[in-house]
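Let me begin by presenting the structure, written as structure tokens, before commenting on it.
In this note's numbering, the protein residues as written are 40 to 431.
Below you can see the structure in the form of structure tokens.
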């Protein structure tokens with residue numbers, strides 16, 4: 040009998056909410072998906088001209104470069120330079136996705152059974168990435184009452200002897216909060232003192248909903264107080280996940296950053312996963328990011344305003360949590376039902392699909408999460424129906 044690795048022993052049975060959705064779809068019931076976050080399905084800027092850039096004839100020749108084509112790495116450095124952040128192209132590593140980059144960094148930093156600290160709430164994806172690398176995730180809380188500030192005391196308590204890195208999601212997903220400068224400084228000092236690396240996911244970094252307050256840090260890129268890896272990629276920067284290109288910007292004390300790059304080069308050379316055409320096109324793709332980012336920000340702001348108006352008109356039983364940026368809104372809902380109960384009720388009564396808060400490891404019951412990317416007209420109709428149903 041074939042043996043399958045325990046790390047892939049996930050529970051693959053269909054959960055109750057998946058069954059509810061399948062039943063609704065089987066009846067032909069119209070559904071509005073308020074979890075839709077695939078930008079290629081949301082009627083945003085036309086991506087055809089950017090896809091056409093992949094046709095450079097030079098892409099017909101394969102000349103592998105482990106860390107990425109020099110022009111592509113320079114383009115990533117230029118992306119940060121345009122934001123006022125100097126980055127050395129020699130400290131940039133290209134990957135096929137941020138998920139792949141996480142895997143490489145876990146390989147770089149952690150042995151089997153070592154621990155990586157992750158924020159709660161945050162991405163559900165981390166559990167799978169960690170499982171595949173045989174490492175353990177240890178959560179540290181973000182304090183909702185203080186604008187999802189990192190609980191530094193709790194983080195220090197969570198960092199045991201097997202801790203190897205601290206993950207930050209900046210801005211957080213789904214709360215959309217940026218790390219404060221004083222938090223960033225404290226985290227950097229702690230990481231340096233304990234010999235931990237900082238892994239900072241900044242895929243939503245271009246999507247602040249307005250000017251950031253002075254106390255918020257725009258980016259961790261280029262900071263040198265501790266070994267720091269900043270992740271991003273085309274999935275969010277130009278809303279084109281299908282192009283499959285991400286990157287890691289490495290900074291920190293020079294000796295540490297240099298050794299990290301040497302080791303990452305071997306890891307990247309083992310995979311050579313980034314396609315040549317997208318690397319060659321990257322300078323022009325990044326140069327064209329402005330229109331799509333403006334379209335997304337306009338969509339997000341418009342939908343957020345509509346959602347707020349709908350919640351206010353429904354009497355205020357549901358509260359939207361404050362948000363600095365990103366593509367999501369978190370709703371604190373009445374606890375007349377648990378989160379699964381609300382999700383099921385909204386599908387069956389209103390034809391609306393939303394995320395339960397526990398999907399993002401929210402600290403307690405009573406939260407729902409919606410995407411702000413759907414097209415404006417269906418979103419407005421759905422927002423008013425959602426707010427009305429949550430109020431009764």
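By construction, the Cβ of each residue, glycine as well, lies at the ideal position given by its N, Cα and C atoms.
Sequence-distant partners of residue 373 (beyond 5 residues in either direction) whose C-beta falls short of 6 angstroms from its own C-beta, in its chain, are 356. The beta carbons of residue 232 and residue 338 sit no closer together than 9 angstroms. The closest CA to that of residue 264, considering only 228, 360, 401, is found on 228.
Listed in chain order, the alpha helix (DSSP H) runs fully inside the stretch 210-247 are 220-233, counting runs of at least 4 residues. Secondary structure note for residue 206: its beta strand (DSSP E) is the uninterrupted segment 202-208. The DSSP assignment places complete alpha helix (DSSP H) segments of no fewer than 4 residues inside the stretch 374-405 at 378-384, in order along the chain. Apart from the 5 residues on each side of it in sequence, residue 164 sits with its Cβ closer than 8 angstroms to the Cβ of 138 in its chain, given in chain order. Boundaries for residue 329: no beta strand (DSSP E) harbours it, while the alpha helix (DSSP H) harbouring it runs 328-352, taken from the DSSP string. Taking the CA atoms as reference points, residue 388 sits about 18 angstroms from residue 408. The beta carbon of residue 345 sits closer than 6 angstroms to the beta carbons of 419, 422 from its chain, once the five residues preceding and following it are set aside; these are given in chain order. Taking C-alpha positions only, residue 131 is separated from residue 192 by approximately 32 angstroms. Under DSSP, residue 286 takes part in a beta bridge, and its partners are 133, 271. Using a 10 angstroms sphere on the CB of residue 375, the tally of other CB atoms stays under 16, which defines it as exposed.
Counting along the chain, residue 416 sits inside the alpha helix (DSSP H) bounded by residues 415-429. C-alpha of residue 404 to C-alpha of residue 107: approximately 44 angstroms in a straight line.
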